[in-house]
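Asker: Numbering (our numbering), first residue to last: 141 to 582. Ideal Cβ positions, reconstructed from N, Cα and C, are used throughout, including at glycine.
Following this line, the structure appears as structure tokens:
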């Protein structure tokens with residue numbers, strides 16, 4: 141009996157150890173979540189800040205071989221952009237030199253053979269890049285805008301910074317660069333999608349040359365308590381604030397300059413603060429202050445990335461990213477929207493965040509090539525000249541069996557008539573899976 145009792149105790153101890161190990165592996169799976177362990181495990185009552193180099197990193201990685209064949213690549217076991225970022229912070233960048241392009245020569249530079257490209261979804265300033273990549277940038281160069289970094293193998297000591305919007309660019313000479321280490325990392329890709337880039341409505345768009353097969357995911361989500369943000373943004377005891385309840389909307393106010401509204405049905409928060417001016421004169425200043433506002437919210441997910449910046453309204457949009465692809469339909473504006481006003485700031489953000497991945501119920505249906513999809517939209521009667529952006533991304537949808545599970549379905553999203561709309565919504569506007577669209581930050 142004693143031996144049996146001891147064996148039972150030993151078995152229980154082993155089971156507990158196995159459980160702890162498995163839990164640790166889930167919480168530290170950085171490649172899948174693109175987040176640190178502390179982001180997941182931190183109690184909701186604490187505030188977690190994000191470094192500039194977490195938010196303002198490129199989101200796409202492209203490679204081309206000696207023949208010019210180009211691929212969008214990813215590794216679901218290791219975040220390659222994070223790995224390249226760590227390598228590049230050890231390089232030293234010389235003074236930028238202006239490059240001149242025609243429309244034709246610019247496209248040739250973008251699609252050049254034997255090169256690595258790191259691409260942002262929207263323009264970023266060289267000053268913010270310097271902060272993210274630990275480079276010293278002279279004040280005179282801080283406002284240079286670009287969205288594309290190219291590392292050409294033929295000129296291993298040079299980096300090109302290109303601006304798709306204006307077809308401009310500059311180059312920088314490198315010291316201490318090790319492109320061989322970069323190439324070694326890129327041999328570890330688990331996804332290689334053949335692509336090319338073309339002008340479409342005078343904007344550079346990525347075209348997928350074959351049917352797109354991207355993994356579908358389901359995630360457990362966490363909903364943060366609105367009280368957390370009432371405390372962090374209004375800076376006081378919620379019970380001491382002016383509170384109004386109206387159907388699904390709860391509004392808190394400090395009675396002077398700050399207001400916070402929680403939409404319980406949508407799971408979103410709108411915050412306004414007119415207590416002080418926030419600088420926004422230059423892109424570098426605006427993006428830096430946008431990052432500071434993001435940190436002020438606290439508890440922002442580790443997979444949050446910069447997505448868009450509207451210069452006219454000084455509005456920045458940040459999105460959740462999974463496997464290098466942006467998540468749409470989480471809200472009608474992204475995951476977080478920051479607008480810098482003349483006399484204050486507006487914040488819009490979601491209470492929900494992706495947490496733990498689950499096995500998907502079904503495999504994703506392959507998407508058609510980019511050109512085939514555009515042809516189908518044209519045949520359906522859509523005016524393609526109204527499309528100003530095309531993105532491969534994930535559609536956020538609530539699981540039919542559980543409201544605490546989100547299904548992420550890969551699809552094309554089009555910026556059509558000022559809103560991000562999914563391929564399914566355009567072709568089937570009355571379907572349950574395509575009932576919303578997102579407005580751009582305007």
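(1) So, is residue 538 buried or exposed, given that buried needs 16 or more other C-beta atoms within 10 angstroms?
(2) Would you decide whether residue 431 is buried or exposed? Buried here means 16 or more other CB atoms lie within 10 Å of its CB.
(3) Straight-line CA distance for residue 568 to residue 527?
(4) Is it a yes or a no for the stretch 273-287 touching the stretch 300-311, going by three-plus beta-carbon pairs under 8 Å?
(5) Rounded to whole angstroms, how far is the Cβ of residue 212 from the Cβ of residue 333, which I believe are closer than 8 Å?
(6) If you reduce the DSSP assignment to three classes, tell me which class residue 551 lands in.
(7) Looking only at C-alpha atoms, which of 302, 238, 469 sits nearest to residue 563?
(8) For residue 418, name the three-state secondary structure that DSSP assigns.
(9) Decide if the stretch 315-334 is in contact with the stretch 210-225; the criterion is three or more beta carbon pairs, one per stretch, under 8 Å apart.
(10) Is residue 381 helix, strand or coil by DSSP?
(11) Can you give the Cα-Cα distance for residue 388 and residue 402, rounded to whole angstroms?
(12) Could you compute how far the alpha carbon of residue 454 sits from the alpha carbon of residue 519?
(13) Assign residue 200 to buried or exposed, taking buried as 16 or more other Cβ atoms, counted over all protein chains shown, within 10 Å of its Cβ.
(14) Which same chain residues, not among the five before or five after residue 315, have their C-beta less than 6 Å away from its C-beta?
(15) Quick one: measure Cβ to Cβ for residue 429 and residue 419, integer angstroms, because I've assumed they're closer than 8 Å.
(16) Excluding the five sequence neighbours on either side, which residues of its own chain have a C-beta within less than 6 Å of the C-beta of residue 229, listed in chain order?
(17) Opposite residue 374 in the DSSP bridges: which residues?
(18) Specify, as a first and last residue, the run of the alpha helix (DSSP H) that residue 195 falls within.
(19) Fully enclosed by the stretch 397-481, which alpha helix (DSSP H) runs are 4 residues long or longer?
(20) Determine the contact status of residue 471 and residue 398, defining contact as a CB-CB distance below 8 Å.
(21) Please check the pair residue 262 and residue 449, which I expect to be a contact at CB under 8 Å, by giving their CB distance rounded to whole angstroms.
(22) Would residue 395 pass as a contact of residue 412 if the rule is Cβ separation under 8 Å?
(23) Helix, strand or coil: which one does DSSP assign to residue 568?
(24) Could you pull out every residue in the same chain whose Cβ sits closer than 6 Å to the Cβ of residue 486, ignoring the five residues on either side in sequence?
(25) Could you tell me whether the Cβ atoms of residue 466 and residue 416 are closer together than 8 Å?
(26) At what residues does the beta strand (DSSP E) containing residue 255 begin and finish?
(27) Evaluate contact between the stretch 548-563 and the stretch 499-511, counting only Cβ atoms and requiring at least three cross-stretch pairs below 8 Å.
(28) Just how far apart, CA to CA, sit residue 426 and residue 474?
(29) May I ask you to report which of helix, strand or coil DSSP gives residue 544?
(30) Please report the straight-line C-alpha distance between residue 451 and residue 422, rounded to a whole angstrom.
(31) Scan the stretch 336-373 and note each continuous beta strand (DSSP E) run of 3 residues or more that stays entirely inside, going in chain order.
Answerer: In short, the structure shows the following:
(1) Here residue 538 refers to the residue found at position 398 of the chain shown. Exposed.
(2) Counting from one through the chain shown, the residue named residue 431 turns up at place 291. It is buried - the Cβ of residue 431 has at least 16 other Cβ atoms within 10 Å.
(3) What you label residue 568 is simply residue 428 of the chain shown in a count that begins at 1. What you label residue 527 is simply residue 387 of the chain shown in a count that begins at 1. Answer to the nearest angstrom: the Cα atoms are 18 Å apart.
(4) Yes: the two stretches touch, three or more of their Cβ pairs being nearer than 8 Å.
(5) Indexing the chain shown from 1 puts residue 212 at position 72. Indexing the chain shown from 1 puts residue 333 at position 193. Contact holds; Cβ gap of about 5 Å.
(6) Along the chain shown, one-based indexing puts residue 551 at 411. In the three-state reduction of the DSSP assignment, residue 551 falls in the strand class.
(7) For the purposes of this step, residue 563 is taken as residue 423 along the chain shown, with counting starting at 1. Distance from the Cα of residue 563 is smallest, within the candidate group 302, 238, 469, for 469.
(8) Numbered from its first residue, the chain shown carries residue 418 at position 278. Look at residue 418 here: in three-state DSSP terms it is coil, with no helix or strand label.
(9) Touching, yes.
(10) Locating residue 381 in the chain shown gives position 241, counting from the first residue. Correct three-state label for residue 381: coil.
(11) Counting from one through the chain shown, the residue named residue 388 turns up at place 248. Counting from one through the chain shown, the residue named residue 402 turns up at place 262. Looking at the two C-alpha atoms, the distance is approximately 8 Å.
(12) Looking up residue 454 in the chain shown gives position 314. Looking up residue 519 in the chain shown gives position 379. Going from the Cα of residue 454 to the Cα of residue 519 covers about 37 Å.
(13) Translated into the one-based positions of the chain shown, residue 200 becomes position 60. Buried is the call here.
(14) Position 175 of the chain shown, counted from the start, is the residue given in the question as residue 315. Excluding residues up to 5 positions away in sequence, 232 lie with their Cβ nearer than 6 Å to the Cβ of residue 315 in the same chain.
(15) On the chain shown, position 289 is the one that residue 429 refers to. On the chain shown, position 279 is the one that residue 419 refers to. In this structure residue 429 touches residue 419 by the C-beta definition: roughly 6 Å separates them, less than 8 Å.
(16) Counting from one through the chain shown, the residue named residue 229 turns up at place 89. Only 273, 274 meet the Cβ criterion.
(17) Here residue 374 refers to the residue found at position 234 when the chain shown is read from its first residue. In the DSSP assignment, residue 374 forms no beta bridge with any residue.
(18) In the chain shown, counting from the first residue as 1, residue 195 sits at position 55. Segment 192-195, the alpha helix (DSSP H) holding residue 195.
(19) Segments of the alpha helix (DSSP H) lying fully in the stretch 397-481: 423-437.
(20) Counting from 1 along the chain shown, the entry for residue 471 is found at position 331. Counting from 1 along the chain shown, the entry for residue 398 is found at position 258. Residue 398 sits away from residue 471, with the two beta carbons spaced by 8 Å or more.
(21) Within the chain shown, residue 262 is the residue found at index 122, counting from 1. Within the chain shown, residue 449 is the residue found at index 309, counting from 1. The Cβ separation is near 5 Å, so the contact holds.
(22) The residue given as residue 395 occupies position 255 in the chain shown. The residue given as residue 412 occupies position 272 in the chain shown. No, the pair does not count as a contact, with Cβ atoms beyond the cut-off.
(23) The sequence position of residue 568 within the chain shown is 428, counting from 1. In the structure shown, residue 568 sits in coil (DSSP, three-state: anything other than H, G, I, E or B).
(24) Within the chain shown, numbered from 1, the residue matching residue 486 stands at position 346. So the list reads 412, 479, once near-sequence residues are dropped.
(25) By one-based count along the chain shown, residue 466 stands at place 326. By one-based count along the chain shown, residue 416 stands at place 276. Taking 8 Å as the cut-off, the beta carbon of residue 466 is found no closer than this to the beta carbon of residue 416.
(26) Stepping through the chain shown from its first residue, residue 255 is reached at position 115. Residue 255 -> beta strand (DSSP E) spans 255-265.
(27) With a cut-off of 8 Å, the stretch 499-511 and the stretch 548-563 count as touching, because enough Cβ pairs lie within range.
(28) For this step, residue 426 is matched to residue 286 along the chain shown. For this step, residue 474 is matched to residue 334 along the chain shown. When rounded, the distance between both Cα atoms is 19 Å.
(29) On the chain shown, position 404 is the one that residue 544 refers to. Three-state DSSP puts residue 544 in coil, outside helix and strand.
(30) Within the chain shown, the letter at position 311 stands for residue 451. Within the chain shown, the letter at position 282 stands for residue 422. Straight-line spacing of the CA atoms in residue 451 and residue 422 works out to 9 Å.
(31) Runs found: 343-348, 357-363.
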